[in-house]
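*Asks:* Protein chains in written order, with this note's numbering: chain A, 5 to 667; chain B, 14 to 297.
Idealized CB from N, CA, C, for every residue including glycine.
Can you keep this structure in mind? I'll have questions shortly.
Structure (structure tokens):
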């Protein structure tokens, strides 16, 4: 077998050699090492890749192999072998670092560069002190390699060493240190950055650091760099300025955004990568660039609006409505939908705007469901009583988005214009209202008779049955609880959920809810609804039932039980909290955070801070949002912003910071 | 291969035993050895849909596959769906209308509430028949009346809720009840005022805890359902019925069914044209 492997390693056929490396772990140690080194030095990259994987998997703690790898790293002839050895040593991590450091101490000259590089790749923090010393080496290549390795290793000592190199007279080393600090996500004070800005090359490298500096003085240099002839530098400056505005507030960028700089932002809006487009979008809104609105809507229509952009729009206020509607009349699809939504939202607290209402009504005839849905949502705020029949007509629309928006709008309008809604309903045959009837009547506070609801309830349409249950719930003390409880056996989970929720709202039917819970509904959403409803009822039997739900297979049910137990301050709740957050489902995470929010402030804050380094980005973002509601979390959030790589979490932190600061 | 499926793979005795026991465990229905051909005929389409060439593979799928539970539900649905029609076993319904309903109207006149449970209601004809009889009696006008139909199969419940039936469902219905229906393109539909009395839910009669959600009822119809259950499952279902019935409440079984060897908890009541069971009054 072993001879066969060694023969195959010498075969002409690449695949045979690759497979031989794959089988090499069955060889005796000496032969296996030879096989690995042969694979690492192979002419074909596939064989080298196989060998790197084999070494990384099997050579940890094998001192002779590690020494052989270091020899391979330092040999001069075979570049492929050297690079493969470098990668293998890096993947061996701290298993290799002691041997690398020993060899570094024994080696002189330029060869040390490879050992330093390997130490950086291996992530060996114990090498930091030696690397710091080598930053001052007479050989600028060795010094620069050490700076680079320190940037990869990170940590306070490494970061300080890089900061110290910023004062170095050697421009090459200064640039390497700056680049390392950028990669480390370091935050430098303005006083450290200012002296570097005279050097045009250093200025370019320092752009991200200027963005992170939190210094108002950095706004000017960054705004000027928007006009840079280099699209790369201009794009970097856009992102950095956005970051700076996130921490300092939008007002600092409004004035420096001159006409010429707004032109540069428009280019980034059209041509930049996602992060740049989002930054440019927010800055263009901050600069109130009417000409950019079309591009802003096109970008935002396909993505989400960053929090800073929303803030910029709010600052723009109702003055943005007319330009938005002007753009709305020229665009289609998501951009038009967004224009309508934004205009409607900005005009929400203003005096009635006939132009806005006319645009929204006109859009009801648009072909795209998303546009119609946006118009309906807008009309929830801006409709007059006479518009209600049109919205009622859309409440049974076959397009899901339109139907859903119309029903939500009717909920709102039922509260604001109950009489108009009842009048509108009276002009439409009840049969034509279908599933929306009970909901509309209930929301409008209309006298939906029990007979009407009973008739509507005997429907094959589950949505209608669920709506009936809600309407029955609105009857309060007159609600037929036994009828609602019977619906806990409905074959449709949506109806069972509605039944459980309505019983919870009424504070009745506890026995039926407990039975349904004990019977174990197959649908976790229904179980969760039952648990939520039980959560608002007192009693030792309920405590036991909720505690039992902490072992449910569905995280949603556990979260709901947690919520109930937290409200009761039951000790079983905090134990299960972290466990639940391992779940990837956004709904589960969101609900869990709502549960955390019910804890006393200090406890909630401590939990949220600890969750800022959770493996799930969504948990980190939620933690930042939760912390926004509490004072004293600024330092934690700022530190996290420096280390955070996920743009979604960074957005959440940026949005949280002004609130934490009381802005 | 097509020919093989036309005929269907033969079901061996061991395969039959495995499938029969699985169905029995799930819903209590007990198929005797003579029912092998029923299982073969009703489940053959599932075998074809899933592309299995043997019943053993199908059983394996039901037990071990992640979608096995859903498939088992479908299989049970195919095996338990039984044909029914309006006014089936009319002599018993006459007794219900003439003798039981007046007694219940008298008993409940203070609370003005009447609840009837049709357990194993299939496509809903029995539920609507009961509701029609209640409406026709005119004894319960202005009352809270609920006729609750339950079945293990979601498919039949969907049909029951539609309340629309073709001619075959009306073969035993006296013509005087036609006024409770309206003609429609898909058949005759039960009138809204009757449908508004009727409610449906999915229940496995062996799921004791879930059945308790039904609450207290005045009478239970469970006709031609228990005949498919083994003795132990019958005992469990009847125990649930006992607990759900108010003292003095009635249990109506199919004409060939009795509680002999199943339960001593009920008393037998002789009506003019039938015998029914009743939960004894408290203290009796």
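If you measure from the beta carbon of residue 228 (chain B) to each beta carbon in chain A, is any gap under 8 Å?
*Replies:* Cβ-Cβ to chain A under 8 Å: yes for residue 228 (chain B).
*Asks:* Under 8 Å Cβ-Cβ, which residues of chain B neighbour residue 463 (chain A)?
*Replies:* 174
*Asks:* Using a threshold of 8 Å, state whether the C-beta atoms of residue 21 (chain A) and residue 13 (chain A) are closer than that.
*Replies:* yes
*Asks:* Would DSSP call residue 24 (chain A) helix, strand or coil?
*Replies:* In the structure shown, residue 24 (chain A) sits in a helix (DSSP, three-state: H, G or I).
*Asks:* How should residue 176 (chain A) be labelled, buried or exposed, when 16 other C-beta atoms within 10 angstroms of its C-beta is the threshold for buried?
*Replies:* exposed
*Asks:* In this structure, does DSSP put residue 130 (chain B) in helix, strand or coil?
*Replies:* Of the three classes helix, strand and coil, the one that applies to residue 130 (chain B) here is strand, per DSSP.
*Asks:* Between which two residues does the alpha helix (DSSP H) carrying residue 123 (chain B) extend?
*Replies:* Bounds of any alpha helix (DSSP H) do not take in residue 123 (chain B), whose DSSP letter is neither H nor E.
*Asks:* Does any residue of chain A bring its CB to less than 8 Å from the CB of residue 225 (chain B)?
*Replies:* yes
*Asks:* Could you tell me the boundaries of the beta strand (DSSP E) in which residue 38 (chain B) lies?
*Replies:* Per DSSP, residue 38 (chain B) belongs to no beta strand (DSSP E); it is in the alpha helix (DSSP H), 26-40.
*Asks:* Does any C-beta atom of chain A lie closer than 8 Å to the C-beta of residue 202 (chain B)?
*Replies:* no
*Asks:* Can you check whether the C-beta of residue 214 (chain B) is within less than 8 Å of a C-beta belonging to chain A?
*Replies:* yes
*Asks:* Looking at the structure shown, is residue 78 (chain B) part of a helix, part of a strand, or coil, going by DSSP?
*Replies:* coil
*Asks:* Considering only residues of the stretch 514-557 of chain A, which uninterrupted alpha helix (DSSP H) runs meet the minimum length of 4 residues and lie entirely inside it, listed in chain order?
*Replies:* 514-523, 528-539 and 544-553
*Asks:* How about the stretch 57-66 of chain B and the stretch 137-154 of chain B: do they share at least three Cβ pairs that are nearer than 8 Å?
*Replies:* no
*Asks:* Going by beta carbon distance, what residues of the same chain come within less than 7 Å of residue 451 (chain A), once the five residues before and after it are set aside?
*Replies:* Unreliable positioning characterises residue 451 (chain A) in this predicted model, as indicated by a pLDDT of 49, which lies under 50. A coordinate reading is not provided.
*Asks:* Inspect the beta-carbon positions of residue 162 (chain B) and residue 211 (chain B) and report whether they are closer than 8 Å.
*Replies:* It is a contact, given that the beta carbons lie within the stated cut-off.
*Asks:* Taking residue 50 (chain B) as part of the alpha helix (DSSP H), name the residues at either end of that continuous run.
*Replies:* 49-63
*Asks:* Which of the three DSSP states, helix, strand or coil, is assigned to residue 214 (chain B)?
*Replies:* strand
*Asks:* In whole angstroms, what separates the C-alpha of residue 79 (chain B) from that of residue 88 (chain B)?
*Replies:* 15 Å
*Asks:* In this structure, does DSSP put residue 231 (chain B) in helix, strand or coil?
*Replies:* Strand.
*Asks:* Tell me, please, whether the CB atom of residue 26 (chain B) is closer than 8 Å to any CB atom in chain A?
*Replies:* no
*Asks:* For residue 150 (chain B), decide whether its Cβ has a neighbour in chain A, counting only Cβ atoms nearer than 8 Å.
*Replies:* no
*Asks:* Let me know the secondary structure DSSP gives residue 29 (chain A) once reduced to three states.
*Replies:* helix
*Asks:* Relative to the C-alpha of residue 85 (chain A), which residue among A:46, A:304 and A:464 is closest?
*Replies:* A:46
*Asks:* Identify each residue in the stretch 520-537 of chain A for which the Cβ-Cβ distance to at least one residue of chain B is less than 7 Å, and report them in chain order.
*Replies:* 520, 522 and 523
*Asks:* Between residue 29 (chain B) and residue 49 (chain B), what straight-line distance do the alpha-carbon atoms span, to the nearest angstrom?
*Replies:* Cα-Cα distance, rounded: 7 Å.
*Asks:* Taking the beta carbon of residue 500 (chain A) as the centre, do at least 16 other beta carbons fall within 10 Å, making it buried, or is it exposed?
*Replies:* Counting Cβ neighbours within 10 Å, residue 500 (chain A) comes out buried, since at least 16 surround it.
*Asks:* Can you pull the chain B residues whose beta carbon is under 9 Å from the beta carbon of residue 662 (chain A), in chain order?
*Replies:* Those do not exist, as residue 662 (chain A) stays about 48 Å from chain B at its closest Cβ, beyond 9 Å.
*Asks:* Mark residue 506 (chain A) as exposed unless 16 or more other C-beta atoms lie within 10 angstroms of its C-beta, in which case mark it buried.
*Replies:* Its Cβ being crowded by 16 or more others within 10 Å, residue 506 (chain A) is buried.
*Asks:* Alpha carbon to alpha carbon, how far is residue 350 (chain A) from residue 206 (chain A)?
*Replies:* 43 Å
*Asks:* Along the stretch 465-492 of chain A, what residues have a CB closer than 7 Å to any CB found in chain B?
*Replies:* 484, 486, 487, 489, 490 and 492
*Asks:* Indicate whether at least one CB of chain B lies closer than 8 Å to the CB of residue 231 (chain A).
*Replies:* no
*Asks:* With burial defined as no fewer than 16 other Cβ atoms inside 10 Å of the residue's Cβ, what is the status of residue 164 (chain A): buried or exposed?
*Replies:* exposed
*Asks:* With 16 as the cutoff for other CB atoms within 10 Å, does residue 295 (chain B) come out buried or exposed?
*Replies:* exposed
*Asks:* Report the neighbours of residue 246 (chain B) on chain A: residues whose CB is nearer than 7 Å to its CB, in chain order.
*Replies:* Contact of residue 246 (chain B) with chain A by beta-carbon distance below 7 Å is absent, the smallest such distance being about 17 Å.
*Asks:* So, does the CB of residue 455 (chain A) fall closer than 8 Å to a CB anywhere in chain B?
*Replies:* yes
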